[in-house]
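Before any comments, here is the structure.
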Amino acid sequence: MSQGPVAPAPGRGVDLSRLERMPDPEPDEAVALQEVWREVAPESRRGRRDLLLPALQALQRARGWVSYPALAAVCRELGVPLADAYGVAAFYALLRTEPGPRHIVHLCDDVACMRRGADRLAARLRERLGPPLHGPEHGGLRGLPGSARLSGAHGDGASPGAAASVGWAFSPCLGQCDRAPAALAGDEVWGELTPEGLEAGLRDLEAAGHPEGARGEPDGAAAEAPLLAGGSPGVPGPRAGCMGEATPLLLERVLSGGATTLDAYLARGGYQALRRARELGPGGAMAEVERARLLGRGGAAFPSSRKWAAVAREPGPRYVVCNADESEPGTFKDRVLLELDPFAVLEGMTIAAFATGAERGWIYVRGEYPDAYRSIRRAVEEARARGYLGHHLLGADWSFDVEVRRGAGAYVCGEETALFNSIEGLRGEPRARPPFPTQRGLFGRPTVIHNVETLASVVPILLRGGKWYGALGTARSAGTKLVSVSGDVAVPGLYEVPFGTPIRAILEELAGGAPGGRRIQAVLCGGAAGTFLFPEELDTPLAFETLQAIGGTVGSGALVVLDETADLWEVAERIARFFKEESCGQCVPCRVGTRRQWELVRAIRRQGGRVDGALRALFDDLARVMRDSSICGLGQLAPNALASLVRR
Amino acid sequence: MRLTIDGHPVEGPPGSTILEAARSVGVPIPTVCYHETLEPIGACRVCVVEVEGARTLVPACQRRVEEGMVVRTDTERVRANRRMVVELLESSADTRLAPEIGRLASELGADPGRWASLQHEKPLPARGPKLDNELYVREPDRCILCYRCVKACGEQVQNTFAIAVAGRGYEARIDPGFDLPLPDSACVFCGNCVAVCPTEALTFRTQWEMRRDGAWDESRQRTVTTVCPYCGVGCQLQLTVQDNRIVKVTAPVDDPTTRGYLCIKGRFGWQYVHAGLQTAPEALPKAQTDARRTA
């Protein structure tokens, strides 16, 4: 495969004649598309299928939905078949393919927000705006094909709700669990939301006529303004803390207010690690990471140095991808790093590129993180302008540049091969492996892909030495870990601890325990793909091996606390609904299995939480086929939390 | 590459799959989404097998053979997984016209009925047949999302790209874009998607209408092999004939020229046979015009 983006069969055999006959897009749609095409010469747009998602996002921002004539215009420009492009548009939760309200408030009703009053906000929204566009009462269905969709295709706007300017929908976890309950409106995050705050926000939306209002487009003038500590205006900054040996390590700058400009970062020791890496050379830098025993922080805990070595062995061009599609319910660590310490992520990525001989990098930020996107984009631009990225960066005989991409609402795109497909403009469906990303990753090239926290950890490893870092933590879990604590605790927040710290200590000493002197009933550990831990298990040290020994997982490092007032089966139903809505639909065990699993939990709830023999047999058979035969981790891990509850 | 399948030593050329290696020594592995003329899809997971050292089961249709690989195709774990896959398939789509799935269900002892007890939830609305043209019918309720039709329509066979998977999860579906009627899509009515559909979610209009009217009777049908009269390629045709009338045209998959794929003329241009006179294929565009009017 040739260098750079390659679309499968670009334009070959695609009959564009029907598209030529389509009406032209509306002026605002055309303007939005011009922004996307601006940097690519007309003759080289064919085959740049990777521009498809940015184009769809631009249309969504401009109009609130992707219309048929506008989609046809995109297809003409890129040489992508209409059905394919539609299949991509209809894949993502933040893109709409039928007319509806101009602005949509995405209210998080995931576990942490559920425990902090999302239902009161939902009631207010229902009263104010009518039923949600998307939510549990539809079984989570996003507009099945029907007359509304058809009429929408021809732009007559006849579908229900088209007249209202503001609508709402339930959303899976928005990664704002430390300021729950939360909502996302356009590119604004509303945190610690009260019914009054919600009302004010709705009035602004109805008056603004533009979703971003004074905030501007993420790439617009507002992005140049200094980032507030909390990102969106009026949203409190993240709460954070640390305990134990060597901490704060990753949170050092975050705890003192962040370093969101290059000068602030340089003043705090920034880019010394890259300097060190260049002294050591690619092999030496790689050896430090190997000595550090760094395991991937995204959930799979794969040794980072092995990925580096595998990619370095392959012929170039090689790529580095930063997986910032943090979507695991209860997890917000990557968001905080990107918002407040973006250059550390960028420096770690640059070191990974240096060690593996990679020439290009991509940062894929989840669509629900507008502030993290603005922050990292700004950081990339500043780094490039000052020679920390780009051609012969810092005088090196090697070049590395980074592009920032945004997701559009799909948990499965955190799966690394689905993420590659998403960047390439395909549906976010995981690929079969082998081949592995280190052999054939993004655009078919050898690719190192790491989670945000993993890349940020590379910086202290180079600064203080792999041996020093490797001695932190436990026998099989080296270093420190960021833990997102939310739910029923006094101080939800982001905490850093060395591996091996007992979970109870994190909950009680850092997060202040359950509020109001209540008793902790269970902790959802590792996110929706993790398991419930019960009180007697809370003395378990947080480490890969110790949690594995009790059938749990570190996962993404999320701890969602549920006190004695929580209904665990209600939580279980939310988790089951999450997987049902986030399955890509490619393989049978996950596509059908996640639906059946949701039905099963509903059946258990109807029986008051009693799991009889028949339901138990169904669950065991279902869990087995999902774990054994699903294509990717989503389906394989989807039964975990429920299994830990059923076992009880 | 030397490997072992159920204890049999097998030699497989590099790049070949476990499925191919198993079939070469007569070890049966069931498949549903796999089609011999298409690249492996790996969506249905019916062909999963155990590979020593692998945490999960692997799809035999997709996984390439490796030196020293130890494969087991008939363990309790494999059978239980296949049985569940078939139960899930049958619980999610109308598979009554998919004989291969029915055969597998009885062989594996699959009981999709046990999932019915859960269906308190509003099921997805039945979508019913889509009758928007005279040549074929789409029945989404029979669709198992095997992706075969999408692959055949796209770069692997027809290069038309008229359909794709849209939506996601349980509501994923095959869609020409915005749920357009087929005559308004990029479809060229070659019928190659119908040829690869394993469940009659895509079916020829004649066949669909005869089934609806109770007139479709396979016991009264015979196959006549002939050569397409239209162009010079000379594609082999298989005419399915009932009561001395053509009811369906297919092509043999083992024909190296067509591999079972035809164009609109060979597939649908046979009405003149029954008109009693040799009319030119102008009949075809008219059929499409009619379809457009119906839609």
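For the protein sequence lines, the chains are A and B, in the order given.
Note that UniProt numbering numbers the first sequence so that position 261 is 261, with each residue one more than the last.
Note that UniProt numbering numbers the second sequence so that position 55 is 55, with each residue one more than the last.
Backbone N, C-alpha and C fix where the C-beta goes; we use that ideal spot for every residue, glycine too.
DSSP beta-bridge partners for residue i?
i: residue 190(A); result: 183(A)
i: residue 302(A); result: Answer is none; residue 302(A) lacks a bridge partner.
i: residue 28(A); result: Answer is none; residue 28(A) lacks a bridge partner.
i: residue 117(A); result: DSSP output for residue 117(A) lists no bridge partner at all.
i: residue 561(A); result: 487(A), 523(A)
i: residue 9(B); result: 4(B)
i: residue 168(A); result: 105(A)
i: residue 402(A); result: 361(A)
i: residue 103(B); result: Residue 103(B) pairs with nothing; no bridge assigned.
i: residue 236(B); result: 227(B)
Measure the Cβ-Cβ separation of residue i and residue j and say whether it is below 8 Å.
i: residue 27(A); j: residue 118(A); result: no
i: residue 487(A); j: residue 560(A); result: yes
i: residue 490(A); j: residue 517(A); result: no
i: residue 602(A); j: residue 115(B); result: no
i: residue 438(A); j: residue 311(A); result: yes
i: residue 249(A); j: residue 97(A); result: no
i: residue 194(B); j: residue 203(B); result: yes
i: residue 426(A); j: residue 88(A); result: yes
i: residue 55(A); j: residue 36(A); result: yes
i: residue 599(A); j: residue 145(B); result: no
i: residue 192(B); j: residue 158(B); result: yes
i: residue 267(A); j: residue 254(A); result: no
i: residue 107(A); j: residue 165(A); result: no
i: residue 141(B); j: residue 74(B); result: no
i: residue 57(A); j: residue 408(A); result: yes
i: residue 46(A); j: residue 78(A); result: yes
Since residue i meets chain B, which of its residues come closer than 7 Å, beta carbon to beta carbon?
i: residue 82(A); result: 177, 186
i: residue 318(A); result: Result: empty, since nearest Cβ-Cβ is about 23 Å, beyond 7 Å.
Given that residue i touches chain A, what residues does it touch there, using C-beta distances under 9 Å?
i: residue 133(B); result: Those do not exist, as residue 133(B) stays about 15 Å from chain A at its closest Cβ, beyond 9 Å.
i: residue 92(B); result: 588, 591, 592, 595, 596
i: residue 81(B); result: 589, 624, 625, 628, 629
i: residue 166(B); result: 83, 86, 87, 88, 89, 90, 91, 97, 145, 427
i: residue 77(B); result: 624, 628
Name, please, each residue of chain A whose Cβ falls closer than 7 Å to the Cβ of residue i.
i: residue 38(B); result: Those do not exist, as residue 38(B) stays about 14 Å from chain A at its closest Cβ, beyond 7 Å.
i: residue 162(B); result: 83
i: residue 114(B); result: 618
i: residue 210(B); result: Within 7 Å Cβ-Cβ: nothing; residue 210(B) doesn't reach chain A, min ~27 Å.
Which chain A residues are close to residue i, counting only those with a beta carbon under 8 Å from its beta carbon?
i: residue 170(B); result: 580, 583, 585, 591, 592, 594, 595
i: residue 119(B); result: 599
Quick one: list the residues of chain B neighbouring residue i, beta-carbon separation under 9 Å, in chain order.
i: residue 530(A); result: Simply none; closest approach about 18 Å.
| Within 8 Å of chain B by C-beta, residues of the segment 575-589 of chain A in sequence order | 580, 581, 582, 583, 584, 585, 586, 587, 588, 589
| Cβ pair count under 8 Å reaching 3, the segment 299-318 of chain A against the segment 354-361 of chain A | yes
| Is the segment 608-621 of chain A touching the segment 631-647 of chain A, taking contact as three or more C-beta pairs under 8 Å? | yes
| request: Take every Cβ of the segment 54-65 of chain A, pair it with every Cβ of the segment 89-102 of chain A, and state whether three or more of those distances are shorter than 8 Å. | output: Contact holds: three or more Cβ-Cβ distances are below 8 Å.
| request: Report yes or no: do the segment 88-99 of chain B and the segment 58-68 of chain B share at least 3 C-beta pairs separated by less than 8 Å? | output: no
| request: Kindly confirm or deny that the segment 152-163 of chain B and the segment 176-192 of chain B touch, where touching means at least three C-beta pairs closer than 8 Å. | output: yes
| task | Kindly confirm or deny that the segment 466-486 of chain A and the segment 495-506 of chain A touch, where touching means at least three C-beta pairs closer than 8 Å. | result | Yes: the two stretches touch, three or more of their Cβ pairs being nearer than 8 Å.
| request: Return the residues of the segment 624-637 of chain A that lie within a Cβ-Cβ distance of less than 8 Å from chain B, sorted by chain order. | output: 624, 625, 627, 628, 629, 630, 631, 636
| said: Quick check: the segment 284-295 of chain A against the segment 418-430 of chain A, are at least 3 beta-carbon pairs closer than 8 Å? | reply: no
| query | Can you find at least 3 beta carbon pairs, one from the segment 205-212 of chain B and one from the segment 173-180 of chain B, that sit closer than 8 Å? | reply | No: fewer than three Cβ pairs fall under 8 Å.
| said: Tell me whether the segment 522-532 of chain A and the segment 469-478 of chain A touch, counting them as touching only if at least three CB pairs, one residue from each stretch, are closer than 8 Å. | reply: no
| task | Pair every Cβ in the segment 333-340 of chain A with every Cβ in the segment 270-288 of chain A, then say whether three or more of these pairs are closer than 8 Å. | result | no
| said: Against chain A, which members of the segment 32-60 of chain B pass a CB distance test of less than 7 Å? | reply: 42, 43, 44, 45, 48, 56, 57
| Between the segment 568-585 of chain A and the segment 546-554 of chain A, are three or more C-beta pairs nearer than 8 Å? | no
| Any 3 or more C-beta pairs closer than 8 Å across the segment 410-419 of chain A and the segment 377-392 of chain A | Touching, no.
| task | Check each residue of the segment 60-73 of chain B: if its Cβ is closer than 7 Å to any Cβ of chain A, include it; give the result in chain order. | result | 62
| task | Report the residues of the segment 431-456 of chain A with a CB closer than 9 Å to any CB of chain B, ordered along the chain. | result | Listed in sequence order: 432, 434.
| said: Closer than 8 Å is the cut-off here; do at least three beta carbon pairs connect the segment 212-231 of chain B with the segment 161-175 of chain B? | reply: Contact between the segment 212-231 of chain B and the segment 161-175 of chain B is absent: fewer than three C-beta pairs spanning the two stretches fall below 8 Å.
| Looking at chain B, which residues of the segment 44-69 of chain A have a Cβ within less than 7 Å of any of its Cβ atoms? | So the list reads 68, given in the order they occur along the chain.
| Contacting positions in the segment 294-316 of chain A - beta carbon closer than 7 Å to chain B | Residues of the segment 294-316 of chain A with a C-beta atom less than 7 Å from some C-beta of chain B do not occur.
| task | Note down, in chain order, all residues in the segment 465-496 of chain A with a beta-carbon under 8 Å from any beta-carbon belonging to chain B. | result | none
| field | Residues, ordered as in the chain, of the segment 84-95 of chain A that lie near chain B by beta-carbon distance below 7 Å | value | Within the segment 84-95 of chain A, the qualifying residues are 84, 86, 87, 90, 91.
| field | Selection of the UniProt domain "4Fe-4S Mo/W bis-MGD-type" (221-277) of chain B by Cβ proximity to chain A, strictly under 7 Å | value | So the list is empty, because no residue satisfies the distance condition.
| Should the segment 41-54 of chain B be called in touch with the segment 633-640 of chain A, which here means at least 3 C-beta pairs below 8 Å? | Short answer: they don't touch.
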